[in-house]
Structure formats: structure tokens, C-alpha cells
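Working notes, structure below.
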Amino acid sequence: MSSSCPVSYPFPWAPAPDIPADWRTMRDQPLLEITLPSGDPAVIVTRYKDVRRLFADERLSRNTSRHPASRISASNDLFGDPEIDNDPPRYLEERAVVMRAFSARRIEALRPVVREITAELMDAMEAGPRPAELMEAFAYPLPILVICHMLGIPPADRAKFRRLIDGYLSVTKLPVDEVERCRTQYWDYLSELIASKRAEPGDDLISELIRVSEEDPEKLTDYQLQHWVKTLLIAGYVTTASQIGTGMAVLLHRPETAKELQQDLSLVPSAVEELLRYQIMGTSLGSLRYALEDIELLDGTVVAKGTTVLLSVESNMDEEVFSDACTLDIRREDNHHMTFGAGIHFCAGAALARMELQEATDGLLRRFPSLRLAVPGEELQRPVGGFLAGYAEIPVSW
Amino acid sequence: MAESRVRVTANSETCVTSSLCVYRVPGVFDQDPEGRVLVLDAHPSAELGRELLRAERGCPTRSITVEGLDRSGLDEADEGTARVEGAA
Ligand code: SF4
């Protein structure tokens with residue numbers, strides 16, 4: 001990885017459930033020049049301490065639409081909505097409105113609901129053919145059902161909703177007009193949904209957001225309301241689904257570790273955290289930022305003003321912070337990984353995602369004590385051209 | 001029992017409702033109906049020291065401050081993440 005010759009990002013994966021070699025060596029340089037899937041140039045900050053600092057640095061703007069910023073995808077302007085300002089103070093005001101639904105108390109109140117959904121999915125899995133395909137049978141439906149419950153979306157809509165989001169999240173998978181069609185249909189779907197909730201409010205998050213925006217339209221305009229619902233739906237679904245699958249695949253690829261966890265399920269929370277750190281479902285594309293000024297890294301390297309910057313989730317492999325970083329250790333303590341980011345943009349759904357991951361992991365290991373991958377881990381395929389890595393399919397048996 | 005010398009403060013203005021502190025030390029941290037951090041016990045027992053320091057270090061916006069604890073022996077992993085000026 002030479003800085004004179006930009007490498008393509010994301011790095012290729014091989015073999016599937018292990019840490020790619022590029023991840024292990026990237027922190028040799030604090031700043032790497034990369035080429036995004038769009039072909040646009042950017043840099044990636046690789047070291048944990050820099051990454052954590054920069055997540056809290058307001059000289060890096062999240063608003064990548066009003067500058068000559070690089071795009072992630074040439075066919076998809078996912079993070080480039082010029083109507084939305086993701087920088088403070090506006091961002092913080094809006095976020096505060098949404099976050100009341102994500103307090104620890106509210107998340108814990110949802111736990112029994114998640115447990116019930118998990119049990120139903122496992123019932124169906126058990127009654128179905130073996131091997132089962134974990135993504136389709138379990139990992140996708142679980143977060144969809146949970147987010148639909150939270151937002152008050154009729155269960156009948158979920159297949160449609162999933163198709164539109166999958167299209168909308170294409171980075172290079174679909175042609176421009178297809179992405180555009182999915183975007184428009186998804187937007188229309190949300191408009192109808194919000195209109196129906198306006199007419200008939202329920203006891204759900206969308207209805208609550210509508211109430212806030214009606215009380216104080218300055219605080220949350222109609223457009224912003226729709227934007228947040230869109231974002232919550234997408235963020236609450238694909239990321240969690242990918243991580244449920246990836247976490248299980250990584251775990252089952254190491255049968256001894258899976259057994260160890262099974263014998264002491266009180267380790268589930270720390271195992272989930274470690275699988276998130278070791279998470280190889282994601283890329284750093286979600287942390288796209290734009291440098292408003294020159295910013296100095298800890299070793300003196302400068303991120304030049306006007307550069308598009310990614311903050312590396314691969315910094316979870318920084319040996320300086322995580323001992324034996326490339327080894328999966330389900331008992332790891334002080335696991336302050338960067339998977340949910342840091343600073344004011346810290347993943348809004350982190351507590352919800354954690355809870356779902358804990359319930360999913362605990363549920364699967366309890367119900368299927370002999371759960372195993374039905375193909376060698378190395379043969380698991382990554383999906384192509386989407387926003388997240390994860391696995392296309394995870395055949396499991398028991 | 002003498003009052004603990006430990007002092008915990010939290011800045012609800014900069015809190016982004018990650019809930020990490022509430023899960024980490026539930027008796028000391030809670031959240032208001034908006035989800036912003038509340039300190040339930042500003043002078044918790046020093047026995048909670050390690051957990052309190054973890055909560056302090058884990059807060060994604062550095063909104064938690066713990067005073068009155070011996071910090072020697074703490075690893076320096078987070079040294080570079082000390083509050084950054086202008087960080088919300
Ligand atoms: S850890 Fe920090 S951001 Fe999260 S709830 Fe506590 S004070 Fe708020």
C-alpha cells in the first residue's frame with residue numbers, strides 16, 4: 001500500500017471469515033490515499049487514536065453535499081442530500097428528537113418483543129429444511145420485524161420495503177436509473193405511510209415524530225421527518241442483519257469458540273462486542289467526511305483542507321490499543337471499538353443493535369446446540385456491489 | 001459510612017444517548033425521558049472505580065468525568081482521545 005499509488009477501497013476479502021491482510025498492515029501508514037467505488041479520490045485515517053479523535057472533530061464535516069466532496073458511488077448519492085445538513089447545531093437538534101426512543105429503558109422494554117420474534121423465526125427454521133440459509137431464515141427478517149414493530153409498519157409491507165431498500169443501497173450493483181426508481185418508490189412509500197399515521201396516529205415512533213413536528217414544525221420539518229424515518233429504517237435493518245449473519249459465521253467458523261460460548265452464555269454480551277470489533281461485515285464507507293480545514297494527525301501528518309476522509313473501522317485491528325487485535329477473544333475487556341463510531345454521530349441505533357445481536361446469538365446457541373456452518377467458512381461468498389460486506393448466504397445445519 | 005471521595009459528573013448537553021454508561025454502571029447513571037444522561041449517585045463507592053473509569057472512557061462524546069480515583073496503572077490507550085477542543 002504505497003501512498004503514491006492509491007488503492008481501491010474497500011479492500012478485497014479473502015478468505016472469507018478471516019481478517020484481510022490489508023487490514024493488518026494498514027496502520028503502518030497513518031493516512032492512506034484510496035480510490036472510492038465511484039472512482040473519486042479520498043484518504044483513510046488508519047490508526048485508532050487518530051480515528052477516535054477525528055470522530056469528535058468538528059473540522060470534519062458530515063455534510064458532503066455542499067462541497068466539492070468525493071462521492072462513494074457514481075450511481076448513488078446516498079449521503080449527498082443537499083436538503084439535509086448533518087452538521088451541528090441542526091443535526092444535534094434533530095437527533096435529540098429521535099433519540100428519546102433509544103434510551104436504555106425503551107430498548108429494554110423492547111427486549112421481550114425481540115425474544116418473541118427470535119423464537120418464532122427459530123420455530124420456522126427448525127420446521128424447515130436442513131441446511132437452512134441463515135440470512136434468509138433469520139438474519140434479515142429479525143431486524144425488519146423489530147424495526148417495523150418500532151415504527152409501526154404493517155408486517156404485510158415488509159417484503160416490498162426490503163426490495164426497495166436493497167435497491168436503494170446499491171453502490172455499484174445496479175444501474176443509475178434502477179437505483180433512482182427504488183429511491184423514488186421508497187420515498188413515495190414513506191410519504192404514504194407518514195400520511196396514514198398522521199390521519200390515524202398509533203403508539204409508535206413515526207407517530208411520535210409526527211407529534212413533535214406538528215407541535216414545533218421548526219424543530220422537525222416534514223422533509224426532515226421523512227429523512228429520519230428513511231434513515232432509521234435503512235440503518236435499523238441492513239446493518240443489523242449483516243452483523244447477525246457475519247457474527248454467527250465468524251463464530252461458527254471457530255467451533256471451539258462457539259462451544260465455549262455455548263457452555264457459558266453469560267459471555268454473550270462480551271462475545272457480541274468482540275464480534276462487532278472483529279466485525280467483518282462493514283466497511284468504513286459510512287464514515288465519509290470532508291475536511292473544512294487542515295487537520296494534523298498525532299504523528300504530524302496533515303489531512304489537507306478539502307480532502308474527503310474516511311475514518312477507518314479497520315482501526316479495530318490496531319495492536320497499540322487491542323492486544324492480539326487480529327485474534328477473536330470473546331472475553332475481551334474494555335472493548336471500545338470503533339464499529340459504531342464516536343462523537344456526535346455515534347450510531348443512533350447502537351443500543352438497539354446490541355440488544356438484537358445479544359438476543360439472536362443467545363437464542364440460536366440455546367435452540368440449536370449443534371449449530372454449524374454447512375460449508376467451509378472459506379467458501380462463504382460476499383455480496384457484490386452493495387453498501388455493506390457481510391455474506392450473501394450462510395448455510396447452516398444442526 | 002463516610003461519604004465517598006469519588007465524584008461523578010456528566011454533561012447532558014453533549015450526551016448523544018448512546019446508553020453505554022447506563023448499561024455499564026446502572027446504579028450511577030440513568031437517562032431522563034429525552035434519553036439524556038442523569039447522574040443518580042454523584043459519590044459512588046470507590047469499589048466501582050474500574051467500572052466508572054470504563055464508563056468515562058467509553059462515552060463516545062466524553063460527557064462523563066470521574067474525579068477522586070487513583071488512575072495509576074491505567075493503560076494509555078486512550079491518551080490520544082482526551083477531549084478535543086470543539087468536540088461537542
Ligand atoms: S455514555 Fe455518554 S453519550 Fe452515552 S448516554 Fe452516557 S453520557 Fe450520554
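Protein sequence lines, in the order shown, are assigned to chains A and B. Counting from 1, position 163 in the first sequence corresponds to residue 163 in the working numbering; the numbering is continuous, with no gaps. Counting from 1, position 35 in the second sequence corresponds to residue 35 in the working numbering; the numbering is continuous, with no gaps. We treat Cβ as the ideally placed atom computed from N, Cα and C, and that holds for glycine. Only a predicted model underlies this, so the values are computations on that prediction, with no experimental measurement involved.
query, result
"In chain B, which residues lie less than 7 angstroms from S103/A when you measure between Cβ atoms?", "T17, S19, Q31, G35"
"Assuming contact is defined by CB atoms lying nearer than 9 angstroms, are R289/A and L54/A in contact in what I supplied?", "yes"
"Taking the alpha carbon of P12/A as the reference point, which residue from W398/A, V396/A, A389/A has its own alpha carbon closest?", "A389/A"
"Could you tell me whether the Cβ atoms of L40/B and D30/B are closer together than 9 angstroms?", "yes"
"Taking its Cβ as the centre, do 16 or more other Cβ atoms sit within 10 Å of G399/A, making it buried, or is it exposed?", "Since the displayed chain A opens at 1 and closes at 398, residue 399/A lies outside it and no answer follows."
"Should G349/A be listed as close to the ligand SF4, given that the test is whether its C-beta is under 8 angstroms from any heavy atom?", "no"
"Give the residues of chain A in contact with R54/B, contact being defined as C-beta atoms less than 7 angstroms apart.", "D334"
"Which of the three DSSP states, helix, strand or coil, is assigned to T308/A?", "strand"
"What in chain A is Cβ-close to G58/B, meaning under 7 angstroms?", "H336"
"On the criterion of 16 or more Cβ atoms from any shown chain inside 10 Å, does Y223/A qualify as buried, or is it exposed?", "exposed"
"Going by DSSP, what residue range makes up the alpha helix (DSSP H) through Q176/A?", "One detail in the question is off: residue 176/A reads as Val in this sequence, not Gln. Residues 176–199."
"Report yes or no: is there a C-beta of chain A within less than 9 angstroms of the C-beta of T61/B?", "yes"
"Who pairs with S61/A in a beta bridge, going by DSSP?", "Y290/A"
"What residues of chain B sit near A353/A, judged by a beta carbon separation below 9 angstroms?", "Those do not exist, as A353/A stays about 11 angstroms from chain B at its closest Cβ, beyond 9 angstroms."
"So is G22/B in contact with chain A if we call contact Cβ pairs under 9 angstroms?", "Looking at the sequence provided, one finds Val at residue 22/B rather than Gly. Yes, its Cβ sits closer than 9 angstroms to a Cβ of chain A."
"Using CA coordinates, which residue listed in G58/B, E51/B, P60/B, S63/B is at the minimum distance from V6/B?", "E51/B"
"Please name the residues in the segment 37–64 of chain A whose beta-carbon is closer than 7 angstroms to at least one beta-carbon of chain B, in chain order.", "K49, R52, R53, A56, D57, E58"
"Please confirm whether M99/A has its beta-carbon closer than 9 angstroms to some beta-carbon of chain B.", "yes"
"If we count the other Cβ atoms within 10 Å of its Cβ and call it buried at 16 or more, is Q262/A buried or exposed?", "buried"
"Between the segment 312–328 of chain A and the segment 37–47 of chain A, do three or more beta carbon pairs fall short of 8 angstroms?", "yes"
"Less than 9 angstroms separating the beta-carbons of G282/A and S242/A?", "yes"
"DSSP on R12/B, reduced to helix/strand/coil?", "Reading off the sequence, residue 12/B comes out as Ser, not Arg. Here S12/B sits in coil by DSSP."
"Can you tell me whether E76/B is helix, strand or coil according to DSSP?", "Residue placement at E76/B is flagged as unreliable, the pLDDT there being 46, under the threshold of 50; the coordinate-derived value follows with that caveat. The answer is helix: DSSP assigns E76/B an H, G or I state."
"Flag S2/A as yes if its beta-carbon sits less than 9 angstroms from any beta-carbon of chain B, otherwise no.", "Confidence in S2/A is poor, its pLDDT being 43 and thus under 50, which makes the residue's placement unreliable; the coordinate value appears in the next sentence. No, its Cβ sits nowhere closer than 9 angstroms to a Cβ of chain B."
"Measure the beta-carbon distance from L48/B to V28/B and round it to whole angstroms, keeping in mind my assumption that it falls under 8 angstroms.", "7 angstroms"
"So, does the CB of G341/A fall closer than 9 angstroms to a CB anywhere in chain E?", "Protein chains A and B are contained in the structure displayed, whereas chain E is not."
"Rounded to whole angstroms, what is the Cα-Cα separation between R55/B and P131/A?", "The residue asked about is misnamed: residue 55/B is Ala in this sequence, not Arg. Between A55/B and P131/A, the C-alpha separation is close to 42 angstroms."
"Does the beta carbon of L352/A fall short of 8 angstroms from some heavy atom of the ligand SF4?", "no"
"When you compare the CB positions of G68/B and R24/B, do they come within less than 9 angstroms of one another, or not?", "no"
"Identify every residue that forms a DSSP beta bridge with I64/B.", "A10/B"
"With a cut-off of 9 angstroms, does the C-beta of I344/A fall near any C-beta of chain B?", "yes"
"Note down, in chain order, every chain B residue with its Cβ under 7 angstroms from the Cβ of A350/A.", "S18"
"Taking T35/A as part of the beta strand (DSSP E), name the residues at either end of that continuous run.", "31–35"
"Express the C-alpha separation of L357/A and S65/A in angstroms, rounding to a whole number.", "33 angstroms"
"Would you kindly report the start and end of the unbroken beta strand (DSSP E) that includes P402/A?", "No information on residue 402/A is available, as it lies outside the stretch 1 to 398 that chain A covers here."
"Using a Cβ cut-off of 7 angstroms, pull out every chain B residue sitting near A96/A, in sequence order please.", "E34"
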